[in-house]
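Student: Handing you a structure now.
As structure tokens, this is what we get:
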């Protein structure tokens with residue numbers, strides 16, 4: 004049993020006292036704890052505070068001699084704002100710095116006595132407490148007000164604002180003031196810009212056009228010189244109270260932000276007018292157009308004002324229909340040209356020129372005006388103001404009255420007449436026709452001519468029916484279009500007889516030349532930059548070439564005795580020409596024969612040229628990927644044979660021949676007849692199973708027989724020489740049995 008010798012009391016044995024402090028002040032509390040126990044005991048001292056219904060630990064000196072801060076006081080203990088010191092006469096002193104409203108409440112000193120047991124563990128034997136004081140922390144009142152509510156300033160003037168602060172704080176303190184600018188009246192200052200600040204040491208941050216001065220103890224003045232439109236917005240004043248600490252540092256006890264003050268900066272807009280006139284107007288298409296946009300009656304302008312121009316076009320429509328304007332080009336604040344969608348390409352090509360003739364005159368010149376340029380034009384003069392950061396901001400736009408660019412036009416007309424110079428002619432003679440052109444309402448026209456032929460539908464060379472033969476452009480350059488007869492490359496001629504007359508000749512006409520011939524004429528007028536512009540097209544009347552002949556009629560067919568063959572065999576295909584009507588001698592007719600194949604069951608793929616034989620006996624083969632070979636020969640005057648040697652599986656398909664007959668006329672001229680296409684025949688290639696497996700079977704049987712004989716030979720030799728052993732027979736006695744009678 005340990006006697007009660009623990010005694011706990013307040014400073015100077017007084018009962019609890021009451022302290023009234025201001026926010027940020029410091030205070031100290033003392034308690035005394037002694038024990039008269041004969042045992043070797045240790046004291047555990049804890050300072051506690053009660054602000055509501057429960058006690059909270061602030062700081063303890065444990066029975067093991069360690070300091071232990073309570074929950075929520077760790078940071079203040081580490082910073083030195085809360086300390087527990089021991090003094091003479093067994094006193095324990097609690098020191099609190101930078102007191103806040105959370106430190107208000109009743110404070111007590113709780114002391115417990117501990118003893119170490121035989122097993123080395125600590126046991127608490129008794130505990131006592133005493134209330135030391137009641138502390139009340141008063142909040143520091145701070146009011147921040149800007150003396151002016153709403154301000155309106157003219158551009159280039161100065162903005163003067165005063166921030167007044169009032170506080171109930173006494174003693175030593177310093178104020179910190181910061182001015183903020185924001186585009187919105189949000190007092191949370193999110194996204195606000197710090198303009199200028201003065202800390203508690205009266206040090207002002209640096210700025211060129213903004214100054215902050217301390218008028219008196221409670222007033223701080225903000226002066227913004229040379230304001231511009233960008234300074235319009237909301238201004239805030241934020242103030243804070245700082246108090247000194249025992250270690251010489253300063254502590255912020257309160258901070259407040261004023262209500263926003265709206266500031267409107269009125270721009271200095273220059274006063275001016277815009278006048279647009281046309282110095283050059285077109286009377287015909289491709290004439291130049293020039294517009295001048297002038298700035299007049301300029302007032303209230305300074306050196307910091309700059310003018311730029313934007314050009315617009317609006318199409319004119321009959322009635323009251325409204326068409327939005329289209330931007331041709333504009334300028335930025337640095338007078339850099341910005342082409343619009345409508346004028347970009349022509350500006351880049353130099354067809355539209357924009358210039359600044361003088362300080363108050365801008366010009367637009369269209370080098371070659373076209374019908375699409377007819378309409379209304381107007382200009383917009385923009386005034387730009389330079390701000391403090393040397394940036395340019397548009398302050399005003401003034402548009403001119405529109406100027407109409409229009410001239411009366413008549414529709415282009417073009418007439419083309421084709422004339423056949425020789426009304427009657429036969430095959431082999433020269434066909435000749437002229438094309439006469441007449442036009443109206445076209446300025447200095449030139450013509451390009453194209454000769455076309457509409458062949459009968461039976462002509463396979465032009466499946467569309469119309470063939471472009473030869474052309475002559477506006478610069479008199481002749482070009483062969485779709486003329487593919489290599490034997491008659493020089494057989495067609497197109498020449499310019501007069502400015503509006505052209506002549507077409509075709510030498511050694513063939514029966515295949517029959518059809519309708521026309522002149523397609525295009526009128527061109529001079530455009531901008533030496534270029535020619537297409538004006539209108541015209542088509543002449545048709546001129547017919549029709550050969551009345553009683554000659555033979557040719558038919559073509561394809562035949563094969565074996566349309567189904569096996570791989571490796573030879574396929575024979577015959578192209579047979581039959582003739583009806585007037586018979587001809589073999590020397591008076593000749594044929595061009597071409598063989599084609601379509602590698603499909605249906606004729607849904609492009610035909611492949613296999614080989615061709617012209618009327619002179621020259622054979623030409625197409626490109627092939629397989630190993631099979633082709634041969635083409637004439638076996639009679641009207642029969643042509645195609646052979647495929649060593650057929651493969653890819654040689655299957657529909658095969659047909661195309662024959663071009665050539666007939667010699669009575670005058671000795673060879674005439675080409677229309678191409679004739681035979682009905683296709685399908686060639687099927689099969690695999691010969693017996694021949695395919697014959698050689699592999701023979702080779703397999705031979706190898707098996709050879710391997711069997713070799714195995715027998717190896718076994719015999721091994722048993723004969725390698726595994727032979729001598730066996731000695733044991734000699735046995737031969738005794739004859741004796742008869743029982745002898746026994």
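Numbering (the numbering used here), first residue to last: 4 to 746.
Ideal Cβ positions, reconstructed from N, Cα and C, are used throughout, including at glycine.
At the level of alpha carbons, what is the spacing between residue 401 and residue 386?
Tutor: About 9 Å.
Student: On the premise that residue 27 lies in contact with residue 246, defined as a C-beta separation below 8 Å, what is that separation, rounded to the nearest angstrom?
Tutor: With 8 Å as the limit, residue 246 and residue 27 qualify as a contact, their Cβ atoms being about 4 Å apart.
Student: Would residue 433 and residue 349 be called neighbours here (beta carbons separated by less than 7 Å)?
Tutor: It is not a contact, given that the beta carbons lie outside the stated cut-off.
Student: Going by C-alpha to C-alpha distance, which of 173, 369 and 497 sits closest to residue 25?
Tutor: Per the Cα distances, 173.
Student: Could you give the C-beta distance for residue 95 and residue 178, rounded to a whole number, given that I count them as a contact under 8 Å?
Tutor: With a Cβ gap of about 38 Å, residue 95 and residue 178 do not count as contacting.
Student: Which residues mark the beginning and the end of the beta strand (DSSP E) in which residue 78 is found?
Tutor: That residue, residue 78, is in no beta strand (DSSP E); its alpha helix (DSSP H) goes 77-82.
Student: Roughly how many angstroms lie between the CA atoms of residue 656 and residue 664, to the nearest whole one?
Tutor: The alpha-carbon atoms of residue 656 and residue 664 are separated by roughly 26 Å.
Student: Quick check: the region 432-446 against the region 310-321, are there 3 or more CB pairs under 8 Å?
Tutor: The region 432-446 is not in contact with the region 310-321.
Student: Give a yes or no on whether the C-beta atoms belonging to residue 679 and residue 666 are separated by under 7 Å.
Tutor: No; because the gap between Cβ atoms is not below 7 Å, this pair is not in contact.
Student: Apply the 10 Å Cβ neighbour rule to residue 91 and answer buried if 16 or more other Cβ atoms are within range, or exposed otherwise.
Tutor: Looking at its Cβ environment, which holds fewer than 16 other Cβ atoms inside 10 Å, residue 91 is exposed.
Student: Please go through the same chain and pick out, in chain order, the residues whose beta-carbon is closer than 6 Å to the beta-carbon of residue 45, but skip the five residues on each side of it.
Tutor: Same-chain partners within the cutoff: 66 and 117.
Student: CA-CA distance, residue 235 and residue 156?
Tutor: Straight-line Cα distance between these residues: approximately 9 Å.
Student: From the DSSP output, read off the bridge partner residues of residue 687.
Tutor: In DSSP, residue 687 forms a bridge with 567.
Student: Taking Cβ positions, are residue 599 and residue 616 nearer each other than 7 Å?
Tutor: No, they are not a contact pair.
Student: Quick check on DSSP: helix, strand or coil for residue 175?
Tutor: Correct three-state label for residue 175: coil.
Student: Looking at residue 237 and residue 265, is the spacing between their C-beta atoms short of 7 Å?
Tutor: Contact flag set, yes.
Student: Is residue 257 closer than 7 Å to residue 244 when the C-beta atoms are compared?
Tutor: Cβ atoms of residue 244 and residue 257: closer than 7 Å.
Student: Tell me the DSSP secondary structure of residue 461 in three-state form.
Tutor: In this prediction, residue 461 scores a pLDDT of 49, lower than 50, which makes its location untrustworthy; no coordinate-derived value is stated.
Student: Within 10 angstroms of its Cβ, does residue 361 collect 16 or more other Cβ (buried), or is it exposed?
Tutor: Per the 10 Å Cβ criterion, exposed.
Student: With a threshold of 6 Å on Cβ separation, who are the neighbours of residue 299 within its own chain once the five nearest residues in sequence on each side are excluded?
Tutor: 276 and 278.
Student: Which class does residue 225 belong to by DSSP, given the choice of helix, strand or coil?
Tutor: In this structure, residue 225 counts as strand in the three-state DSSP scheme.
Student: Does DSSP put residue 720 in a helix, in a strand, or in coil?
Tutor: Helix.
Student: Less than 7 Å separating the beta-carbons of residue 260 and residue 190?
Tutor: Against a cut-off of 7 Å, the Cβ pair of residue 190 and residue 260 comes out as a contact.
Student: Between the region 284-298 and the region 354-368, do three or more beta carbon pairs fall short of 8 Å?
Tutor: Yes, the region 284-298 touches the region 354-368.
Student: Looking only at its chain, what residues have a beta carbon closer than 7 Å to the beta carbon of residue 283, apart from the 5 residues adjacent to it on each side?
Tutor: Cβ neighbours of residue 283 beyond the five flanking positions: 291, 292 and 293.
Student: With residue 420 and residue 543 assumed to form a contact (beta carbons below 8 Å), what rounded beta-carbon distance in angstroms separates them?
Tutor: Right, their Cβ atoms sit about 6 Å apart.
Student: In its own chain, which residues sit with a C-beta less than 8 Å from the C-beta of residue 89, not counting the 5 before and 5 after it?
Tutor: Hits under 8 Å: 64, 95 and 96.
Student: Tell me whether the beta-carbon of residue 346 lies closer than 7 Å to the beta-carbon of residue 355.
Tutor: For residue 346 and residue 355, yes; Cβs fall inside 7 Å.
Student: By how many angstroms is the C-alpha of residue 353 removed from the C-alpha of residue 676?
Tutor: If I take the Cα positions, the gap works out to 56 Å.
Student: To test your reading of the DSSP string, which unbroken beta strand (DSSP E) runs of 3 or more residues are found completely within the region 17-65?
Tutor: Qualifying beta strand (DSSP E) stretches, in chain order: 20-25, 30-38, 44-53 and 59-64.
Student: Do residue 207 and residue 197 have their CB atoms nearer than 7 Å?
Tutor: Not closer than 7 Å, so no.
Student: Quick one: measure Cβ to Cβ for residue 140 and residue 13, integer angstroms, because I've assumed they're closer than 8 Å.
Tutor: The Cβ separation is near 20 Å, so there is no contact.
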